[in-house]
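Notes follow once the structure below has been shown.
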Amino acid sequence: MGKVIANLRQDGQALRPGQIVQGKIVAIYPNNKAQIQLGTTLLIAQLEAALEVGAKYHFQVQEGREIPQLKVIGEALRQSQLSNAESLLQQFGIKPTKGNAEFVELLLQQKIPFEKDQLQQAVLLLDRAGNRLLAQQVLLEMFSNRMPITPNIYLSLFLRESNEFYSQLLLLEQTLQQEQKLNHQVKQQLMTLLARYTGSSENYKLELVQRLTDNPATFNFLKAIRFINRDMQYSDWGQQLQQTNKQDASVMVTEYNHNRILQVLTNILPKAPVIRDQAALFLQTWGNLLHESVTKGMALPEEQFGKLTYDLQQTMRTVAQQVDFQVLNTPKDLRNIIIDLEILANQENQTKIGEHHTRILKDLFLEQTRNVLTQSGLNYEKVIHQEEMNPQHTLKGLVTQLMQLSDGNTQEVATRLLHFMNGVQLQSIQESDNFLQAQLVIPAGKFGLSSDIELSFEGTKNKDGELNKEFCRIMFFLDLSHIEKTVIDMHVQKRTISLTILNDYPIDETIHHLKSGLKEGLAKIDYQLTSVTYKPLSNNQLADKKDNIPEKQHETYRGVDYRI
């Protein structure tokens with residue numbers, strides 16, 4: 031996320047004493063005045079040093095009695111940015127290694143101001159980094175957002191960039207399950223809260239199965255693929271599901287418990303369109319012959335039945351590893367084949383399944399989002415400071431208490447999670463006078479994703495200092511099972527929405543099918559979808575968004591901003 035989200039920096043006139051900036055002498059004016067360019071900002075300076083027009087220099091901001099001063103560091107810069115970086119390191123007494131020079135070069139290229147002490151701290155952190163590229167990315171973010179360059183802040187952001195929220199939560203949950211020495215209410219409270227995030231408890235899985243199958247279309251689909259015994263009635267299904275999981279056995283359900291049905295739903299339902307097409311093709315080939323055989327109450331000739339069972343196995347090979355799809359050469363079994371294949375080939379049935387599961391997925395996402403916003407404790411310090419409520423029972427509050435109660439591996443895992451959450455907090459809000467940017471991380475393993483869902487909200491502020499909902503941008507960063515890394519870039523202008531979907535798979539046809547449903551859904555909440563565009567994700571310039579802070583220009587050179 032550090033590269034994707036635009037960094038908010040104040041303009042050149044807000045530089046602090048001690049900062050190092052690179053500037054260019056644009057013009058020399060009478061009375062030893064000059065126009066200089068610092069980053070994207072043009073300033074007027076009073077010269078007290080001999081400088082060349084068109085040349086670039088390193089300047090250090092210093093306190094001045096009336097106006098700030100810029101101290102020239104070294105000679106005019108060369109063409110090679112790397113050489114300039116090495117020269118600057120030497121001026122500061124820092125070893126000009128290739129790695130150190132490359133990092134300073136990045137700071138200069140991105141026009142990020144820095145101070146000598148900050149650079150010294152950054153070099154120490156880089157020297158200890160196992161993953162130097164990620165360390166550079168984290169430190170650039172820290173410099174750019176004017177964070178203190180301290181080991182704790184660096185560690186929090188490093189863990190945030192290199193780990194998933196869900197995996198850290200799951201690791202702590204598993205560690206606590208194995209923790210025998212700690213018998214404290216904090217452990218029990220934390221286990222209960224962690225289960226809401228990870229969805230690993232048996233009660234949650236059973237509830238999820240009930241929600242997923244509380245739909246006739248899904249129930250009939252599971253019967254058609256022979257996962258549920260065909261004698262089971264939908265009206266009895268909920269009660270049977272509860273009973274089965276109490277006894278862990280059932281004559282009505284083949285090799286069934288809620289974990290197994292979750293596995294089947296996860297593996298087979300995404301392939302339902304393929305199964306539908308294969309079932310339709312099978313009926314086109316064998317439908318008439320099967321109907322004729324059933325009508326006459328006769329079995330098929332052995333040779334034909336052999337071909338039919340082979341074709342049926344090929345048709346059902348998508349589900350063959352999940353369930354035992356065996357048939358007998360009897361009119362009753364042949365009739366059941368027709369019934370089951372017609373259910374699987376029915377487009378309307380599949381549409382109902384898709385709509386039902388989409389609603390559940392939406393509900394799960396909203397539930398998890400509420401968990402993060404209300405129970406994670408990401409506003410822990412603010413709540414304590416304002417004494418609004420007791421935050422001790424939030425996730426962060428309980429993890430903090432666990433660190434004090436535990437030792438060894440448990441304490442280490444809890445500490446990592448706490449650092450990670452601190453990193454999430456540090457990245458959660460960036461703002462300037464008129465611009466606001468917020469990030470939200472949603473643990474997504476609970477509903478089948480391998481990576482967290484990350485959301486970014488950005489736009490101008492309204493009169494109350496909040497994000498202007500009429501003119502904003504919302505971005506979703508996803509890692510999906512089948513189409514992998516995906517970015518959804520949504521622009522909101524008044525009540526109109528335009529979407530850009532970035533992905534490296536050919537998903538144009540999928541987008542086309544989903545567009546009408548999306549348009550209808552937005553219309554229900556009084557929004558109008560104007561466009562949906564697909565672009566490849568690789569090498570996309572989205573990762574290099576420019577700052578949203580407007581440049582400051584000077585029309586005249588009257589007055590002095592800095593003294594050099």
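Counting the sequence shown from 1 gives a position; the numbering used here is that position plus 30. Idealized CB from N, CA, C, for every residue including glycine.
Residue of the options minimising C-alpha distance to residue i
i    : options                : result
Q314 : D266, L371, I258       : L371
L73  : K382, N452, K54, H88   : K54
Q92  : G84, V102, D266, H512  : V102
I368 : S436, L220, F312, E191 : F312
M505 : L470, Y234, I258       : L470
E461 : G495, I472, R108, A329 : G495
S458 : N439, F477, L403, E500 : L403
G475 : T296, A553, G48        : T296
L271 : K491, L236, L292       : L236
Y184 : Q109, K392, G427, L164 : L164
N62  : G48, Q49, V83, P47     : V83
G384 : S113, Q109, L544, G104 : L544
Three-state class that DSSP yields for residue i in the structure shown
i    : result
L559 : strand
S113 : helix
Y564 : strand
S174 : helix
S231 : coil
N498 : strand
D519 : strand
V134 : helix
N409 : coil
E488 : strand
I298 : helix
L358 : coil
T180 : coil
L529 : strand
M262 : coil
G478 : coil
R503 : strand
G53  : strand
L394 : helix
Q210 : coil
P47  : coil
Buried or exposed by the 16-neighbour rule on C-beta atoms within 10 Å, applied to residue i
i    : result
A444 : buried
V304 : exposed
Q431 : buried
E191 : buried
S511 : exposed
K326 : exposed
R256 : buried
D538 : exposed
I58  : exposed
N250 : buried
A553 : exposed
S323 : buried
I555 : exposed
L391 : exposed
H88  : buried
D393 : exposed
K128 : exposed
E194 : buried
Q49  : buried
T248 : buried
Proximity of residue i and residue j at Cβ, strictly below 9 Å
i    : j    : result
L456 : S186 : yes
Q308 : L319 : no
D509 : Y196 : no
S436 : L212 : yes
N366 : A329 : no
Y564 : I531 : yes
Q166 : L136 : yes
I527 : L559 : yes
V51  : G69  : yes
L201 : L447 : yes
L497 : F487 : yes
Q151 : T180 : yes
T205 : N439 : yes
K491 : N464 : yes
R46  : E145 : yes
L238 : G229 : yes
H449 : N161 : no
Proximity test, residue i beta-carbon vs the ligand NAP heavy atom, cut-off 8 Å
i   : result
Q52 : Of the ligands one can find in the structure shown there are none, so the ligand NAP has no counterpart to examine.
CB contact below 9 Å: residue i versus chain B
i   : result
T70 : Chain labels in this structure do not include chain B; a single protein chain is all it has.
| field | Validate contact between the region 170-181 and the region 76-92 using beta carbons, cut 8 Å, 3 pairs | value | no
| request: Check whether the region 422-431 touches the region 218-227, taking contact to mean three or more Cβ pairs, one atom from each stretch, closer than 8 Å. | output: yes
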